[in-house]
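Numbering-wise (the working numbering), the sequence shown opens with residue 2 and increments by one.
We treat Cβ as the ideally placed atom computed from N, Cα and C, and that holds for glycine.
Structure first, commentary second.
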Amino acid sequence: MEYFELVLSIAIGQRAMDHNMKLLVDFHYSDFWADPGKQQPPKAWREYSLSEKSTAIRDYTKESLKAFREAGITVSMVQVGNETTGGFCGEWTTEGQYTLMASAATAIREFDPNIQIAVHYTNPEKGGYSTFAQRLKDYRVDYDIFATSYYPAWHGTLENLSAQLKAVADGYGKQVMVAETAWDHTTYEANATGAYPY
2 MEYFELVLSI AIGQRAMDHN MKLLVDFHYS DFWADPGKQQ PPKAWREYSL
52 SEKSTAIRDY TKESLKAFRE AGITVSMVQV GNETTGGFCG EWTTEGQYTL
102 MASAATAIRE FDPNIQIAVH YTNPEKGGYS TFAQRLKDYR VDYDIFATSY
152 YPAWHGTLEN LSAQLKAVAD GYGKQVMVAE TAWDHTTYEA NATGAYPY
């Protein structure tokens with residue numbers, strides 16, 4: 002982590018500890034916010050080969066978790082990436098994405114096997130969550146929780162969401178959760194966004 006990000010993250014973590022809350026650390030593995038349309042690697046890693054990036058992710062993950070521990074913070078869960086449906090840390094091929102995810106997950110397990118590991122996807126309305134779960138299995142990504150974003154205005158019905166997550170839970174023996182969601186406090190003029198069919 003950059004110095005400012007690390008200081009801020011530790012301050013938030015300490016506040017969580019002060020209130021007896023558990024802490025989830027979400028590594029975007031990017032200099033910017035990562036989402037389905039933006040999965041850029043940190044600038045310092047831009048010219049790295051897949052092997053070099055895999056080593057960098059492993060080292061960065063362990064060093065960051067060590068900084069939390071040294072600050073007296075217990076990390077309960079780590080999320081490997083954010084909304085990684087289409088890419089991860091500048092990798093767009095299946096091999097590239099899942100090789101890096103496996104490296105990050107291995108680093109977490111080696112640092113502390115009690116930390117739960119989550120992976121995070123989005124767009125349940127498009128289906129395919131079992132495909133992602135199979136890829137995670139094929140590339141031996143060690144994780145506990147299959148997480149999704151769910152914004153009702155864009156991501157389809159609750160019935161479909163439930164079916165997508167149930168397929169992963171039943172077929173792959175993983176816990177599932179909605180990691181990111183929201184709803185408008187008002188629908189006044191909300192149709193201007195194009196997200197509402199009225």
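Distance, residue j Cα to residue i Cα
i      : j      : result
Gly129 : Thr85  : 13 Å
Gln41  : Ala35  : 7 Å
Glu181 : Thr123 : 9 Å
Gly82  : Phe89  : 7 Å
Lys175 : Asp143 : 11 Å
Pro43  : Glu53  : 13 Å
Gly91  : Met22  : 33 Å
Thr56  : Phe133 : 23 Å
CB contact below 7 Å: residue i versus chain B
i     : result
Ala57 : Here there is only one protein chain, and chain B is not present.
Cβ separation of residue i and residue j, assumed to be a contact under 8 Å, to the nearest whole Å
i      : j      : result
Ala108 : Thr75  : Not really, about 17 Å apart at Cβ, beyond 8 Å.
Ile118 : Asp139 : Not confirmed; about 17 Å, so no contact.
Ala72  : Gly14  : 7 Å
Ala148 : His186 : Wrong, their Cβ atoms sit about 24 Å apart, outside the cutoff.
Leu7   : Ala105 : Leu7 to Ala105, Cβ: 17 Å. No contact.
Ile58  : Leu9   : With a Cβ gap of about 21 Å, Ile58 and Leu9 do not count as contacting.
Ser65  : Leu24  : That pair is no contact at about 13 Å.
Residue i (DSSP reduced to helix, strand or coil)
i      : result
Ser150 : strand
Ala57  : helix
Lys39  : strand
Tyr99  : helix
Tyr49  : coil
Asp19  : helix
Glu181 : strand
Ala72  : coil
Tyr199 : Since pLDDT at Tyr199 reaches only 41, below the 50 mark, its modelled position is unreliable, and the value read off the structure follows with that caveat. Of the three classes helix, strand and coil, the one that applies to Tyr199 here is coil, per DSSP.
Contact under 7 Å by Cβ, residue i with residue j
i      : j      : result
Tyr151 : Leu162 : yes
Gly87  : Ser131 : no
Gly97  : Glu126 : no
Val177 : Ala170 : yes
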